[in-house]
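When we follow the numbering used here, the leftmost residue of the sequence shown carries the number 262, and every step to the right adds one.
What follows is a short report on a single structure.
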Amino acid sequence: MQNIVKLMNRLMHFRYNCGFNVRYSEPSISTFSRFLNLISEFEIFKEDFKQLIKALI
């Protein structure tokens, strides 16, 4: 999870696509963890997020 947060620090569009404000620093790991818990409740979001991560790596 730390790597994803670091990725958000480098790629502003990734942070924006995840719903975080690009004007502020990257989210903390605990904030990002809550974000992942929220989207994991919806299968379509979980699959979209996995595809986004694969595309960025």
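Glycine residues also receive a C-beta, built at the ideal position from the N, C-alpha and C atoms.
Between the CA atoms of residue j and residue i - distance to the nearest angstrom
{"i": "S289", "j": "E304", "result": "24 Å"}
{"i": "V266", "j": "Y285", "result": "13 Å"}
{"i": "V283", "j": "H274", "result": "8 Å"}
{"i": "K315", "j": "S291", "result": "22 Å"}
{"i": "N298", "j": "F310", "result": "12 Å"}
{"i": "L268", "j": "C279", "result": "12 Å"}
{"i": "F281", "j": "N270", "result": "11 Å"}
Cβ-Cβ separation, residue j to residue i (assumed contact under 8 Å), whole Å
{"i": "E287", "j": "R295", "result": "Rounded, the Cβ-Cβ distance is 14 Å, inconsistent with contact."}
{"i": "I300", "j": "F306", "result": "4 Å"}
{"i": "L272", "j": "L313", "result": "Contact flag wrong, Cβ pair sits at about 11 Å."}
What are the start and end residues of each continuous alpha helix (DSSP H) run of 4 or more residues lying completely inside the region 271 to 304, in chain order? Fully enclosed alpha helix (DSSP H) runs of 4 or longer: 273 to 278 and 290 to 300.
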